[in-house]
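By the working numbering, the letter at position 47 of the sequence shown is numbered 46, and the numbering carries on one by one without gaps. Following: one structure in structure tokens, then a few remarks.
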Amino acid sequence: MGRNRTQPISSPHRCLIAGNYCHDVLIRDCVVLAEMLGGAASFISNVFDDVSVSYNLV
Numbered sequence: 000m001g002r003n004r005t006q007p008i009s010s011p012h013r014c015l016i017a018g019n020y021c022h023d024v025l026i027r028d029c030v031v032l033a034e035m036l037g038g039a040a041s042f043i044s045n046v047f048d049d050v051s052v053s054y055n056l057v
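Structural data, given as structure tokens:
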């Protein structure tokens, strides 16, 4: 009866991210040094990538 407690429950982790993106540009002496994608959605998508959670961006 019940679940076998020796086998872990495997459920897919999925998330929906709704947020903003922005493009960060680092400029010094009129020269572009770096360009990166920034914003809240960019940050949390990197976190989810690191912990292997799949997601959709809106």
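Yeah, the Cβ is synthetic: ideal placement off N, Cα and C, and Gly gets one too.
Within its own chain, the residues whose Cβ lies closer than 6 Å to the Cβ of Asp23, once the five positions on either side in sequence are excluded, are Met35 and Gly37, listed in chain order. Under the criterion of beta carbons closer than 8 Å, Gly18 and Ala40 qualify as touching, at roughly 3 Å. Asn45: member of the alpha helix (DSSP H) spanning Ala39 to Asp49, first to last residue.
The three-state secondary structure of Asp23, taken from DSSP, is strand. With contacts defined by Cβ atoms closer than 7 Å, Cys14 and Val52 form a contacting pair. Our two residues, Ile26 and Asn55, have alpha carbons roughly 31 Å apart in a direct line.
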